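Reading through the structure tokens given below for one structure.
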Amino acid sequence: MEIKANKINGANAEIEAVISMDEVNANVEKIAKQLSKTANVQGFRKGKVPVAIIKKQYGQKLVEDAEAEALREVLSKGLTELNIANESLIGEPTISKFEKSDDKIEVAVKVAMRPEINLDNIEEFVPDFEKPEVTDEEVEARIKEIAEGQAPLVEIEENRSLQEGDTAVIDFEGFVADEAFEGGAAENFELLLGSGQFIPGFEDQLVGVNKDDEVEITVTFPAEYGSKELAGKEAMFKVKVNGIKVKDDIEINDELAQKLLAKEDATLDELKAEVKKAIEQEKLVKLYNEELKPKLLETLVEKIDFDLPEFVVEQEIDMAVNKKASTMSEEEINELRENKEKIEELRESFRDEATRSVKATFIIDALAAKLGVKVEEQELMQTIYYEAMQMGQDPQKAYEQYKDAGYLPAIQMSMVEDRVLATLLNKKIEE
Numbered sequence: 027m028e029i030k031a032n033k034i035n036g037a038n039a040e041i042e043a044v045i046s047m048d049e050v051n052a053n054v055e056k057i058a059k060q061l062s063k064t065a066n067v068q069g070f071r072k073g074k075v076p077v078a079i080i081k082k083q084y085g086q087k088l089v090e091d092a093e094a095e096a097l098r099e100v101l102s103k104g105l106t107e108l109n110i111a112n113e114s115l116i117g118e119p120t121i122s123k124f125e126k127s128d129d130k131i132e133v134a135v136k137v138a139m140r141p142e143i144n145l146d147n148i149e150e151f152v153p154d155f156e157k158p159e160v161t162d163e164e165v166e167a168r169i170k171e172i173a174e175g176q177a178p179l180v181e182i183e184e185n186r187s188l189q190e191g192d193t194a195v196i197d198f199e200g201f202v203a204d205e206a207f208e209g210g211a212a213e214n215f216e217l218l219l220g221s222g223q224f225i226p227g228f229e230d231q232l233v234g235v236n237k238d239d240e241v242e243i244t245v246t247f248p249a250e251y252g253s254k255e256l257a258g259k260e261a262m263f264k265v266k267v268n269g270i271k272v273k274d275d276i277e278i279n280d281e282l283a284q285k286l287l288a289k290e291d292a293t294l295d296e297l298k299a300e301v302k303k304a305i306e307q308e309k310l311v312k313l314y315n316e317e318l319k320p321k322l323l324e325t326l327v328e329k330i331d332f333d334l335p336e337f338v339v340e341q342e343i344d345m346a347v348n349k350k351a352s353t354m355s356e357e358e359i360n361e362l363r364e365n366k367e368k369i370e371e372l373r374e375s376f377r378d379e380a381t382r383s384v385k386a387t388f389i390i391d392a393l394a395a396k397l398g399v400k401v402e403e404q405e406l407m408q409t410i411y412y413e414a415m416q417m418g419q420d421p422q423k424a425y426e427q428y429k430d431a432g433y434l435p436a437i438q439m440s441m442v443e444d445r446v447l448a449t450l451l452n453k454k455i456e457e
């Protein structure tokens, strides 16, 4: 067996070999002898089957197994020659050449290794930034907003017209083409004007209407409305205003602080301090997500240089091409199938983006290991459950849908990426 091993770069290697048919035949003999001891062949006792019978019965399968064993030997010897450990390999070896003749088999096997990434002085790549400041006015405005949220609704006595921000207490009944429709009526319904709870235009037409007035409101259901019978159709609602409610005044004092902080001796100053922290965190998260994290990841990809496994980049290109193909017409797809050059042009158009994406993934993976960042399956599940409940979905069903679609690893990686970048940025603040 002649072997020539070549380490192309830090992430890719190729092993070429010439396997003589004598070696393949020797493997056939060895495998046949082993099989003769365990095979069940009619007319022979177990363990007593002649090798010739085994060869006759398993013919081509023995040859295939013998060739496979020779290939494993090629891989093993090639990796030893290149001093590459099995645990550093990623993905399956790719047979790029397999040419068989009467006396030999010429093969080439490509392997990929996990790239070595130098993360020394990684802090130098983290951008400088100022921690967001929070003014007293922002704190007072937020506390006022919270207080208004705690205030009860009270009905006003004066007979004034409705204003945005009022809660209108109404009876209504809806008609499409002069026919009442199911679910289109209610009595003493409390509708906050400006909330966008009803069909666009409905709330706007109630502004200026007085208590006890009866009006007709015409609106058009959105084209994407949930009910197909109503989607895109014009509707008329008969509406009577029974009352007007507004938020009652609530004092901003220590008593409010004690209620909100669930602490008997809490003070308004303590509430202000907690609210200030919350606003600071909100601003910081916004700064991180909208500006600093994308900028940091772009810098890491740009500045950290290392070799990428070729097959991983090709897989990323495959996914991009498939995604693009899903948006193409049948005519466009047929045109691509008939023109290999166009397919190659399409693939190449995604290469830069795919390379950056793969590079970012390896960088984040290496940083996660260095920083000790992990996202366990339980945490992943809790995150999906929480988001599903926020959207009014069944959390278990949502989780299973993500799992069945194969999205869980991508979601987990996204969470790891978010935490890695946040960790680097938080360290910058601590400096």
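The sequence shown begins at 27 in our numbering and counts up one residue at a time.
Where is the CB? At the ideal position from N, CA and C, for every residue including glycine.
Model, not experiment: these values are computed from the prediction.
Practice task
Report the residue from Ala261, Lys271, Met27 and Asp378 whose alpha carbon sits nearest the alpha carbon of Glu199.
Solution key: When only C-alpha atoms are compared, the closest one is Ala261.
Exercise for the section: Please decide whether Thr106 counts as near chain D, where near means a Cβ-Cβ distance under 9 Å. Expected result: Reference to chain D is not applicable here, since this structure consists of a single protein chain.
Practice task
Report yes if the CB atom of Lys30 is closer than 9 Å to the CB atom of Glu42, and no otherwise.
Solution key: A contact, by the Cβ cut-off of 9 Å.
Problem - Proximity of Gln438 and Val384 at Cβ, strictly below 9 Å - result: Gln438 places its beta carbon 9 Å or farther from that of Val384.
Handout entry: Touch test, the region 388-403 against the region 444-451, Cβ-Cβ under 8 Å, three pairs minimum
Key = With contact defined as three or more Cβ pairs closer than 8 Å, the region 388-403 and the region 444-451 are in contact.
Exercise for the section: Compute the distance between the beta-carbons of Leu232 and Ile182, then report whether it is under 9 Å. Expected result: Going by C-beta atoms, Leu232 is not nearer than 9 Å to Ile182.
Practice task
Just tell me which of Leu286, Gly227, Lys63 and Ile80 has its CA closest to the CA of Lys74.
Solution key: Check the Cα spacing between Lys74 and each of Leu286, Gly227, Lys63 and Ile80: the tightest is with Lys63.
Practice task
Under 8 Å Cβ to Cβ from Tyr428, same chain only, skipping five residues before and after it: list those, please.
Solution key: Cβ within range, chain order: Ile410, Leu434 and Ile437.
Problem - Closest Cα partner of Asn144 within the set Tyr412, Asp391, Ser440 and Ile455 - result: The candidate whose alpha carbon is nearest that of Asn144 is Asp391.
Problem - DSSP bridge partner residues for Val241 (one or two, in chain order) - result: As computed with DSSP, Val241 is found in a beta bridge with Val265.
Practice task
Would you tell me roughly how many angstroms separate the C-alpha atoms of Tyr314 and Asp154, rounded to the nearest one?
Solution key: Distance between the alpha carbons of Tyr314 and Asp154: 12 Å.
Exercise for the section: State the Cα-Cα distance for the pair Ala58 and Glu361, rounded to the nearest angstrom. Expected result: Cα to Cα, Ala58 sits roughly 50 Å from Glu361.
Exercise for the section: Give the secondary structure of Met47 by DSSP, where H, G and I count as helix, E and B as strand, and everything else as coil. Expected result: If DSSP states are grouped into helix, strand and coil, Met47 belongs with the helices.
Practice task
Specify, as a first and last residue, the run of the beta strand (DSSP E) that Ser122 falls within.
Solution key: Counting along the chain, Ser122 sits inside the beta strand (DSSP E) bounded by residues Thr120 to Lys126.
Exercise for the section: Output the distance between the C-alpha atoms of Val301 and Glu156, rounded to the nearest integer angstrom. Expected result: Rounded to whole angstroms, Val301 to Glu156 spans 20 Å at the Cα level.
Practice task
Would you decide whether Tyr425 is buried or exposed? Buried here means 16 or more other CB atoms lie within 10 Å of its CB.
Solution key: The residue is buried, with at least 16 neighbouring Cβ atoms inside 10 Å.
Practice task
With a 10 Å radius around its C-beta and 16 neighbouring C-beta atoms as the bar for buried, classify Ala380 as buried or exposed.
Solution key: Buried.
Handout entry: Val202 - DSSP class collapsed to helix/strand/coil
Key = Of the three classes helix, strand and coil, the one that applies to Val202 here is strand, per DSSP.
Handout entry: Per-residue DSSP class, three states only, for Ser221
Key = It is coil, neither helix nor strand.
Problem - Residue of Lys254, Ile169, Met415 and Asn66 minimising C-alpha distance to Glu208 - result: Checking every option, the nearest Cα to that of Glu208 belongs to Lys254.
Practice task
Keeping to the same chain, check which residues put their C-beta closer than 8 Å to that of Asn66; ignore five residues upstream and five downstream.
Solution key: Taken in chain order, the residues that qualify are Lys72.
Practice task
Output the distance between the C-alpha atoms of Pro226 and Val245, rounded to the nearest integer angstrom.
Solution key: A direct Cα-Cα distance of roughly 7 Å separates Pro226 from Val245.
Exercise for the section: Quick one: using the 10 Å Cβ neighbour count with 16 as the cut-off for buried, is Ile169 buried or exposed? Expected result: Classification for Ile169: buried.
Problem - Any alpha helix (DSSP H) of 4 or more consecutive residues that is wholly inside the region 239-322 - result: Secondary structure within the region 239-322: the alpha helix (DSSP H) runs of 4 or more consecutive residues, fully enclosed, are 280-287 and 294-313 (chain order).
Handout entry: Same chain, Cβ closer than 8 Å to Val77, neighbours up to 5 away in sequence not counted
Key = Excluding residues within five positions, the ones whose Cβ falls inside 8 Å are Glu55, Ala58, Lys59 and Ser62.
Problem - Straight-line Cα distance separating Val137 from Glu40 - result: Using only the alpha carbons, I get a separation of about 6 Å.
Exercise for the section: Out of Pro178, Asp295, Val272 and Glu356, point me to the one whose CA is closest to Leu218's CA. Expected result: In this structure, Val272 is the residue among Pro178, Asp295, Val272 and Glu356 with its C-alpha nearest to the C-alpha of Leu218.
Practice task
Say whether the region 158-177 touches the region 270-286, bearing in mind that this needs 3 or more beta-carbon pairs closer than 8 Å, one atom from each stretch.
Solution key: The region 270-286 and the region 158-177 touch, with three or more beta-carbon pairs separated by less than 8 Å.
Handout entry: Chain-order list of residues whose beta-carbon lies under 7 Å from that of Val180 (same chain, five-residue window excluded)
Key = So the qualifying residues of the chain are Lys271, Val272 and Asp274.
Exercise for the section: Determine which residues share a DSSP beta bridge with Phe215 and list them. Expected result: Beta-bridge pairing by DSSP links Phe215 to Ile196.
Practice task
For Asp192, count neighbouring Cβ atoms within 10 angstroms of its own Cβ and tell me buried if that reaches 16, exposed if not.
Solution key: Label assigned to Asp192: buried.
Problem - Collapsed DSSP secondary structure at Leu179 in the structure displayed - result: It is a strand residue.
Handout entry: Alpha-carbon to alpha-carbon, Leu97 and Asn35
Key = In this structure, the straight-line span from the alpha carbon of Asn35 to that of Leu97 is close to 22 Å.
Handout entry: Beta-carbon proximity of Ile45 to Glu93, cut-off 9 Å
Key = Judged by their CB atoms, Ile45 and Glu93 are nearer to each other than the 9 Å cut-off.
Practice task
For Val347, name the three-state secondary structure that DSSP assigns.
Solution key: DSSP places Val347 in helix when its eight states are reduced to three.
Problem - Element boundaries [beta strand (DSSP E), containing Lys136] - result: Note, Lys136: beta strand (DSSP E), Lys130 to Ala138.
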